[in-house]
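**Student:** Just add 837 to the spot in the sequence shown (first one is 1) and you have this note's numbering. Where is the CB? At the ideal position from N, CA and C, for every residue including glycine. Source: prediction; values computed, not measured.
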Amino acid sequence: MKFEAFTLEEAITKASVELGCSVTELDFKVLQHPKSGILGFFKKNAIIDAKKVGNTKSLKKTDISSESKKAKKEQNIDKGEKSQKSKKDDKSPQKPEKQKNNFENKKEFIKPNNEKVEINKAIIEIKNGIENLFKNDFFNINSFEVNKFDDKTIYIKLDGDDAALLIGKEGYRYKAITHLLHNWIYPKYGYHVRLEISRFLENQEKMIAAYLVDVIEKVKTTGKAQTKLLDGVLVRIALEQLRNEFPNNYVGVRSSRHGKFIVIRPAKNE
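1) Give every residue of the same chain whose Cβ lies closer than 8 Å to the Cβ of Y1026, excluding the five residues on either side of it in the sequence, and list them in chain order.
2) Measuring alpha carbon to alpha carbon, tell me which residue in L1079, L1067, R1031, L868 is nearest V1056.
3) Who are H1029's beta bridge partners in DSSP?
4) Beta-carbon within less than 8 Å of E1039's beta-carbon, same chain only, minus the 5 sequence neighbours each way: which residues are those?
5) Within its chain, find whatever has a CB closer than 8 Å to the CB of E941; leave out the 5 residues flanking it on each side and keep chain order.
6) Classify R1010: buried if its beta carbon has 16 or more other beta carbons within 10 angstroms, exposed otherwise.
7) If we ignore side chains and look at the alpha-carbon of each, how far apart do E1042 and I884 end up?
8) So for T1059, helix, strand or coil by DSSP?
9) Taking DSSP's pairing of strands, which residues face G1096 in a bridge?
10) For P871, is the classification buried or exposed, using 16 other Cβ atoms within 10 angstroms of its Cβ as the cut-off for buried?
11) Provide the residue span of the alpha helix (DSSP H) that contains K958, from first to last.
12) Identify whether I1034 lies in helix, strand or coil by the three-state DSSP scheme.
13) Does the beta-carbon distance from I1022 to L995 come in below 7 Å?
14) V860: which of A848, L868, F981 sits nearest, CA to CA?
15) Apply the 10 Å Cβ neighbour rule to A1104 and answer buried if 16 or more other Cβ atoms are within range, or exposed otherwise.
16) Once DSSP output is grouped into helix, strand and coil, what is the label at K1043?
17) Does DSSP put N979 in a helix, in a strand, or in coil?
18) Tell me, please, which residues DSSP counts as bridged to A1104.
19) Please classify T1015: is it buried, with 16 or more other beta-carbons within 10 angstroms of its beta-carbon, or exposed?
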């Protein structure tokens, strides 16, 4: 019989309960190991094929219930002992100076590293990290390119048969992967990330550039304009293009209950 659970331990326990035997009486084969997935996507449970072996009589439900109650009772006793010990520890005096030192150590631990890693060294480490990240059976991604885009940015390109799946509907997985890479690379190496999956980013940039032609013309004519509501990665792409086009103007993102849009107007000091 097949049994599925979040972990192998839970699957084995589930099998022993349903087959009415102890874990030692099980003969099982792991059909699927549990995996946490990427960013919470494509999580896999543990699956085993198990059967009871040996001539030992099946455990009765009452026996299982009795063992469960006994284990629960022992667990409660342990909790009670730990609770009493905790209360005793709370009564013991604590030195203020020691608390202060612990706090300072904690602050030191979470302090970000502001020093940039040399870019060529960073590129090698990042490429190895990305290859390891996608070394699984979730996506067929076999092309990994990591290069310098500019002094502040590292360019990453991923491609393969499952590139479309990695992008996701309306680019929602693309956005999640971008955040994942940024939250890893920027704090550790000090560089921003420009992610390309197949030609998704290139196509989005071309589409936004075509749309912004009329918006740019309106700004040049009237001095101000705003875009339509934009979704996901399109906001960032449009913002980058408009700021490059109007470096001396105010170009900012506004939010409404329906979505986000970009406003372009003269800067206040003009």
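**Tutor:** Here's the rundown:
1) Around Y1026: K953, V954, A959, E962, I963, I991.
2) Looking only at L1079, L1067, R1031, L868, the smallest Cα-Cα distance to V1056 is reached by L1079.
3) H1029 pairs with T990.
4) E1033
5) Summary for E941: the model assigns pLDDT 39, below 50, so the residue's position carries little reliability, and this model does not support an answer.
6) buried
7) 43 Å
8) Residue state, collapsed to three classes: helix.
9) S1093
10) buried
11) Judged by DSSP secondary structure, K958 falls within the alpha helix (DSSP H) whose first and last residues are 956–970.
12) Secondary structure of I1034 (DSSP, three-state): strand.
13) no
14) A848
15) exposed
16) helix
17) coil
18) Answer is none; A1104 lacks a bridge partner.
19) buried
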